[in-house]
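Worksheet: one structure, shown below.
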Ligand code: SF4
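Numbering (the numbering used here), first residue to last: 18 to 280.
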């Protein structure tokens with residue numbers, strides 16, 4: 018069974034997938050840490066959504082921001098402490114990044130809510146669905162035939178149609194989405210189609226740094242590219258094939274396996 022997280026690692030660098038696969042402990046810890054961070058971000062979104070229900074149309078921007086921020090700080094602190102106590106190597110910079118991104122998003126959300134309340138002359142409670150559509154979070158998708166498994170960050174259901182959404186804390190490209198994000202998204206889309214016997218035409222990558230979701234069309238070329246990546250991943254994870262890679266110093270200096278890598 019191939020995990021979509023292996024596809025993500027492969028898209029960053031096939032060599033890093035090789036090192037990760039054949040170093041079991043590191044793989045487990047990194048994977049667990051990524052899951053815990055994702056869970057925390059999703060819970061924070063949930064809390065913001067609950068806080069939004071208390072916002073009245075007479076409130077000013079600062080008041081709205083304060084309402085949206087209620088209990089957020091303490092929630093992040095207690096959860097990051099819990100992650101650290103699991104012996105997962107959560108770095109202080111990662112915690113700061115989570116906090117900074119959360120408050121930046123709260124500011125943007127406050128502005129959007131204020132605009133929407135003015136436009137519709139309604140309290141925030143009545144327009145929550147515009148900001149948080151009916152959805153499922155952290156949904157495990159799996160297909161035995163495809164031998165593929167992954168947890169989709171969010172699945173939105175609008176008018177009976179399913180839309181996979183993945184959350185990214187990385188910087189976005191100037192326009193569109195990164196190739197690796199599109200490949201990850203189409204993997205979720207294909208699993209989603211199997212699970213719900215539906216067709217997925219579009220998915221979204223949400224870049225939290227700019228609070229923007231960008232659409233990706235699930236076309237034939239993208240689907241073909243995914244199957245090519247799956248083939249390469251299998252060569253590494255099942256046949257232990259050491260991949261040849263083009264060295265990119267900018268990428269290598271950010272890579273956690275730089276010290277192990279014999280490039
Ligand atoms: S150090 Fe560079 S070549 Fe080696 S695994 Fe990392 S990104 Fe790939």
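Idealized CB from N, CA, C, for every residue including glycine.
Return the Cβ separation of residue i and residue j in integer angstroms, given the expectation that the two are a contact with Cβ distance under 8 Å.
i           : j           : result
residue 55  : residue 170 : 6 Å
residue 96  : residue 57  : 5 Å
residue 204 : residue 167 : 6 Å
residue 258 : residue 208 : The Cβ separation is near 25 Å, so there is no contact.
residue 189 : residue 220 : About 15 Å; that fails the 8 Å criterion.
Take residue i and list the residues in its own chain whose beta-carbon comes closer than 6 Å to its own, dropping the five residues that flank it on each side.
i           : result
residue 269 : 275
Looking at the unbroken beta strand (DSSP E) that takes in residue i, where does it start and where does it end?
i           : result
residue 174 : 165 to 175
residue 155 : 152 to 160
residue 178 : 178 to 185
When you compare the CB of residue i with every CB in chain B, is at least one pair closer than 8 Å?
i           : result
residue 160 : Here chain B cannot be found, since the structure has a single protein chain.
Report yes if the C-beta distance between residue i and residue j is below 8 Å; otherwise report no.
i           : j           : result
residue 85  : residue 127 : yes
residue 32  : residue 266 : no
residue 134 : residue 74  : yes
residue 115 : residue 93  : yes
residue 21  : residue 154 : no
residue 222 : residue 202 : yes
residue 105 : residue 250 : no
Ignore the nearest five residues each way along the sequence and tell me which others in residue i's own chain have a CB closer than 8 Å to its CB.
i           : result
residue 111 : 54
residue 216 : 210
residue 225 : 58, 118, 122, 184, 185, 186
residue 272 : 29, 30, 33, 278
Since residue i sits in a beta bridge, which residues does DSSP pair it with?
i           : result
residue 287 : With the chain represented from 18 up to 280, any question about residue 287 goes unanswered, as that position is not in the structure.
Along the chain, where does the alpha helix (DSSP H) containing residue i start, and where does it finish?
i           : result
residue 72  : Premise fails: residue 72 is in no alpha helix (DSSP H) and is neither H nor E.
residue 26  : 21 to 29
residue 100 : 89 to 102
residue 244 : 237 to 254
residue 203 : 196 to 213
residue 137 : 109 to 137
Within a Cβ cutoff of 7 Å, which residues of the same chain sit near residue i, ignoring the five residues on either side of it in sequence?
i           : result
residue 200 : 24, 28, 242, 243, 246
residue 48  : 22
residue 237 : none
residue 174 : 151, 152
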